[in-house]
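Q: What follows is a single structure, and I will ask about it in a moment.
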Amino acid sequence: MIKLIKIDEDSRVPKYKQIVDSILQNIANGNLKINQKIPSINSFSEEFY
Numbered sequence: 002m003i004k005l006i007k008i009d010e011d012s013r014v015p016k017y018k019q020i021v022d023s024i025l026q027n028i029a030n031g032n033l034k035i036n037q038k039i040p041s042i043n044s045f046s047e048e049f050y
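At position 36 of the sequence shown the residue is numbered 37 (the numbering used here), and the sequence of numbers has no breaks.
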């Protein structure tokens, strides 16, 4: 699976904003299609813990 979310722990940008921006960037890059289902929050959380 492609790593969809990139979080910069040192950034002053809130994590929720980084998540939204990363998802939007994946749509813009064609990694995610409009109306394509994204992984569940549980799947996303596994990437971070």
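C-beta: ideal position from N, C-alpha, C; glycine also.
Assuming LYS18 is part of the alpha helix (DSSP H), what are its boundary residues?
A: 16-30
Q: Look at the alpha carbon of ASN27 and the alpha carbon of LEU33, and state the distance between them as a whole number of angstroms.
A: 6 Å
Q: Report the rounded CA-to-CA distance for LYS7 versus PHE45, giving the unit in angstroms.
A: Distance between the alpha carbons of LYS7 and PHE45: 11 Å.
Q: Quick one: what does DSSP say SER12 is sitting in, helix, strand or coil?
A: Reduced to three states, the DSSP call for SER12 is coil.
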